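> In order, the protein sequences belong to chains A and B. Read left to right, the first sequence gives residues 1 to 219 (UniProt numbering). Read left to right, the second sequence gives residues 1 to 219 (UniProt numbering). This is the structure I want to talk about, given as structure tokens.
Number of protein chains: 2
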Amino acid sequence: MDVRPDDLSDAPPTRAGRARPRGRGYASGDARRTRILNIALQEFAENGYRGTSLARIAERAELTQAGLLHHFRSKQELLVAVLDLRDRMDMAHLDLAELPLGGAAVLAKFTELAGHNQAIPGLVQLFTVLTGEAVTTDHPAHGWARDRYALLRASVAASLEAGVASGELRADVDPTAVAAQVFAMMDGLQLQWLLDPEHVDMAALFGDYVEHLLRRIRA
Amino acid sequence: MDVRPDDLSDAPPTRAGRARPRGRGYASGDARRTRILNIALQEFAENGYRGTSLARIAERAELTQAGLLHHFRSKQELLVAVLDLRDRMDMAHLDLAELPLGGAAVLAKFTELAGHNQAIPGLVQLFTVLTGEAVTTDHPAHGWARDRYALLRASVAASLEAGVASGELRADVDPTAVAAQVFAMMDGLQLQWLLDPEHVDMAALFGDYVEHLLRRIRA
DNA sequence: CGGAAAACTTTGCGGTCGGTAGTTTTGTTA
DNA sequence: TAACAAAACTACCGACCGCAAAGTTTTCCG
Chain A
1 MDVRPDDLSD APPTRAGRAR PRGRGYASGD ARRTRILNIA LQEFAENGYR GTSLARIAER
61 AELTQAGLLH HFRSKQELLV AVLDLRDRMD MAHLDLAELP LGGAAVLAKF TELAGHNQAI
121 PGLVQLFTVL TGEAVTTDHP AHGWARDRYA LLRASVAASL EAGVASGELR ADVDPTAVAA
181 QVFAMMDGLQ LQWLLDPEHV DMAALFGDYV EHLLRRIRA
Chain B
1 MDVRPDDLSD APPTRAGRAR PRGRGYASGD ARRTRILNIA LQEFAENGYR GTSLARIAER
61 AELTQAGLLH HFRSKQELLV AVLDLRDRMD MAHLDLAELP LGGAAVLAKF TELAGHNQAI
121 PGLVQLFTVL TGEAVTTDHP AHGWARDRYA LLRASVAASL EAGVASGELR ADVDPTAVAA
181 QVFAMMDGLQ LQWLLDPEHV DMAALFGDYV EHLLRRIRA
């Protein structure tokens with residue numbers, strides 16, 4: 001799937017050629033869906049899940065609320081679709097998919113990511129607002145958030161483990177602990193940065209943290 | 001555990017007249033107010049600001065919604081009162097009020113706080129949910145959250161500065177940066193812990209972080 | 001005890017919420 | 001051109017929202 005985060009084109013009922021020749025079917029259907037997703041992403045980022053209304057999303061997408069529910073059968077389904085989209089956008093920038101690269105390399109990747117994130121406050125905000133909401137056990141995204149962190153921690157821990165095995169990193173480092181701390185630092189700095197961008201330099205602070213961390217765990 | 005709401009007169013200057021100092025006044029009035037505050041705290045922690053309704057709080061406090069609005073004239077005023085209450089409860093445990101104590105000492109305090117917090121997930125959740133919501137600029141608690149972090153950072157930075165001045169800490173540490181990082185680590189770990197308490201030992205991870213941090217910045 | 005103020009209720013206004021039902025428009029295909 | 005299905009619409013539902021006004025009960029002080 002193509003991931004195009006900045007698609008804000010306004011062209012509600014226009015044609016879009018044969019984007020997806022699937023026997024029967026509209027080409028404009030997929031276009032509408034991506035348009036709705038991008039708008040919903042902005043709205044959820046701005047107001048959270050509970051603070052966002054389908055009517056407002058529908059209005060901005062230039063259709064009615066019922067029309068919107070034709071594409072996503074419930075608000076919750078729309079949220080999940082947005083989260084999946086955001087995940088896919090992340091993976092494009094940070095190929096965590098590729099198997100464990102050395103310990104130092106994976107941390108450098110995250111430093112790079114922090115710098116990139118500073119240019120897209122909207123997406124960072126989506127993540128921060130929704131994960132904050134999602135700590136409540138009955139939130140629609142609770143399971144998503146929990147599993148996501150588990151996956152991320154495991155992935156980074158595996159990379160660190162590989163670093164230890166190869167002798168690049170000291171033998172006494174706790175990969176799981178370091179993984180959790182790295183994400184904690186990133187999230188915490190994102191929060192402070194979003195609240196007060198003028199006084200908190202997220203990328204610099206995170207880079208500083210990683211630098212000292214590396215100095216400590218490198219063999 | 002109870003923090004006396006002796007002076008619950010909040011920022012809003014009107015109202016809340018000198019019920020106690022002056023003669024007239026119910027005894028049950030203050031009791032109701034604290035009861036409402038404690039319930040509202042739970043509700044905000046569970047559902048966030050936007051997900052909480054005055055009707056539900058009123059119901060649990062055993063009065064009508066209008067009766068609730070007699071004590072707090074708006075939902076927003078109630079939120080501010082709750083946040084102030086939570087702040088006061090924190091200050092009782094962590095005397096940040098007292099002027100700069102040495103660098104190592106203040107960090108030890110926070111380690112202690114992390115351990116204490118693990119016993120009160122409800123309050124940690126209130127904080128996490130609301131600060132997450134509050135990154136949106138038009139959120140009622142946005143200013144509160146921003147100012148709170150600025151104050152906390154400044155306070156810890158001052159302590160670290162004193163540590164540097166006394167020679168306890170290395171001269172090349174950046175007190176402001178370290179302060180921001182300490183809070184970031186704490187918040188980030190709180191988030192992961194709330195999402196997955198069984199797999200994330202917040203206190204241990206934070207203690208580990210502080211331990212290595214101290215080893216680095218100590219003279 | 002009288003009366004004023006605080007505490008609280010009833011009532012209801014104007015509005016939004018997520019979601020459903022049924023129908024019409026639109027484009028593709030045969 | 002006729003058949004057909006996706007797409008989008010109008011209309012509506014019951015529930016809930018924050019909140020204001022006005023009236024009633026309770027409490028305390030002089």
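Every residue, glycine too, gets a C-beta built ideally from N, C-alpha and C. This structure is a prediction, so every number in the text was calculated from the model and none was measured.
Need the endpoints of the alpha helix (DSSP H) that residue 69 of chain A sits in, please.
Note, residue 69 of chain A: alpha helix (DSSP H), 65 to 71.
> Mind listing the chain A neighbours of residue 177 of chain B? Cutoff is C-beta to C-beta under 7 Å, in chain order.
Residues of chain A passing the Cβ test: 205 and 208.
> Give the secondary structure of residue 201 of chain B by DSSP, where H, G and I count as helix, E and B as strand, and everything else as coil.
The answer is coil: DSSP assigns residue 201 of chain B none of H, G, I, E or B.
> Return helix, strand or coil for residue 126 of chain B, following the three-state DSSP convention.
In this structure, residue 126 of chain B counts as helix in the three-state DSSP scheme.
> Based on DSSP bridge pairs, tell me the residues matched to residue 50 of chain B.
DSSP lists no partner for residue 50 of chain B.
> Could you check if residue 187 of chain A is buried or exposed, using at least 16 other CB atoms within 10 Å of its CB as the buried criterion?
The residue is buried, with at least 16 neighbouring Cβ atoms inside 10 Å.
> Tell me whether residue 153 of chain A sits in a helix, a strand or coil according to DSSP, three-state version.
Residue 153 of chain A: helix per DSSP, three-state reduction.
> Any residues in the region 179 to 196 of chain A with a beta carbon nearer than 8 Å to a beta carbon of chain B? Which ones, in chain order?
Result list: 180, 181, 183, 184, 185, 186, 187, 188, 189, 191, 192, 194, 195 and 196.
> Does the region 115 to 133 of chain B come into contact with the region 133 to 142 of chain A, if we say contact requires no fewer than three beta-carbon pairs (one atom in each stretch) closer than 8 Å?
Yes: at least three Cβ pairs fall under 8 Å.
> Taking a Cβ distance cut-off of 8 Å, strictly less, list which residues of the UniProt domain "HTH tetR-type" (30 to 90) of chain A are near chain B, in chain order.
Hits within the stretch, in order: 46, 47, 48, 50 and 51.
> Excluding the 5 residues preceding and the 5 following residue 26 of chain A in the sequence, name in chain order all residues of the same chain whose CB lies nearer than 7 Å to its CB.
The predicted position of residue 26 of chain A is uncertain, since its pLDDT is 42 and thus under 50; a value taken from the coordinates is nonetheless stated next. Once the five neighbours on either side are set aside, residue 26 of chain A has no close Cβ partner at all.
> On the DSSP bridge list, what partners appear for residue 169 of chain B?
Partner(s): B:218.
> Should residue 192 of chain B and residue 44 of chain A be called a contact, given that it needs their Cβ atoms to be closer than 8 Å?
No, they are not a contact pair.
> What are the start and end residues of the alpha helix (DSSP H) that includes residue 139 of chain A?
Note, residue 139 of chain A: premise wrong, no alpha helix (DSSP H); not H, not E.
> By the 10 Å Cβ neighbour count, where 16 or more other Cβ atoms means buried, how is residue 179 of chain B classified, buried or exposed?
Flag for residue 179 of chain B reads buried.
> One question on the structure: do residue 200 of chain A and residue 110 of chain A come within less than 8 Å of each other, judged by their Cβ atoms?
No; because the gap between Cβ atoms is not below 8 Å, this pair is not in contact.
> How about residue 50 of chain B and residue 196 of chain A: do their beta carbons lie closer than 8 Å?
No, the pair does not count as a contact, with Cβ atoms beyond the cut-off.
> Check the C-beta distance from residue 102 of chain A over to residue 163 of chain A and give it rounded, since I have them as a contact under 8 Å.
Rounded, the Cβ-Cβ distance is 5 Å, consistent with contact.
> Which term fits residue 52 of chain B, buried or exposed, when burial requires 16 or more other beta carbons within 10 angstroms of its beta carbon?
Residue 52 of chain B comes out buried.
> Around the Cβ of residue 190 of chain B, are there at least 16 other Cβ atoms within 10 angstroms (buried) or fewer (exposed)?
It is buried - the Cβ of residue 190 of chain B has at least 16 other Cβ atoms within 10 Å.
> Below 8 Å CB to CB, which residues in the same chain sit around residue 220 of chain A once its five sequence neighbours on both sides are set aside?
No answer is possible for residue 220 of chain A: it lies beyond the span of chain A, which begins at 1 and ends at 219.
> Taking residue 31 of chain A as the reference, give the member of A:71, A:105, A:212 and A:41 with the closest Cα.
Checked all of A:71, A:105, A:212 and A:41; the closest Cα to residue 31 of chain A is A:71.
> Could you pull out every residue in the same chain whose Cβ sits closer than 6 Å to the Cβ of residue 157 of chain A, ignoring the five residues on either side in sequence?
Hits under 6 Å: 175, 176 and 179.
> Tell me the residue span of the alpha helix (DSSP H) that contains residue 84 of chain A.
Its alpha helix (DSSP H) spans residues 75 to 93.
> Going by beta-carbon coordinates alone, are residue 217 of chain B and residue 169 of chain B separated by less than 8 Å?
In this structure, residue 169 of chain B lies closer than 8 Å to residue 217 of chain B by Cβ.
> State yes or no: is the C-beta of residue 206 of chain B within less than 8 Å of the C-beta of residue 114 of chain B?
In contact: residue 206 of chain B and residue 114 of chain B (Cβ atoms closer than 8 Å).
> Is the distance from the Cβ of residue 85 of chain B to the Cβ of residue 41 of chain B below 8 Å?
A contact, by the Cβ cut-off of 8 Å.
> If we count the other Cβ atoms within 10 Å of its Cβ and call it buried at 16 or more, is residue 46 of chain B buried or exposed?
So residue 46 of chain B counts as buried.
> Using a cut-off of 8 Å between C-beta atoms, extract the partners of residue 122 of chain B located in chain A.
Within 8 Å Cβ-Cβ: nothing; residue 122 of chain B doesn't reach chain A, min ~11 Å.
> With a CB to CB cut of under 7 Å and the five nearest residues on each side skipped, what residues in its chain are close to residue 105 of chain B?
Correct list: empty, nothing qualifies.
> Would you mind stating whether residue 68 of chain A and residue 81 of chain A have Cβ atoms separated by less than 8 Å?
No, these two residues do not count as a Cβ contact at 8 Å.
> Following the continuous alpha helix (DSSP H) through residue 112 of chain B, name the residue where it begins and the one where it ends.
It spans 103 to 117 - the alpha helix (DSSP H) in which residue 112 of chain B sits, taken as one unbroken run.
> Measure from the C-beta of residue 131 of chain A to each C-beta in chain B and report whether the shortest distance is under 8 Å.
Yes, because at least one Cβ of chain B sits closer than 8 Å to the Cβ of residue 131 of chain A.
> With distances taken Cα to Cα, identify the nearest neighbour of residue 125 of chain A among A:171, A:194 and A:62.
Nearest option by C-alpha distance: A:194.
> Determine the direct distance from the alpha carbon of residue 90 of chain A to that of residue 155 of chain B, and round the result to whole angstroms.
Roughly 36 Å separates the two Cα atoms.
> Spell out whether any CB of chain A is found under 8 Å from the CB atom of residue 218 of chain B.
So, not an interface residue.
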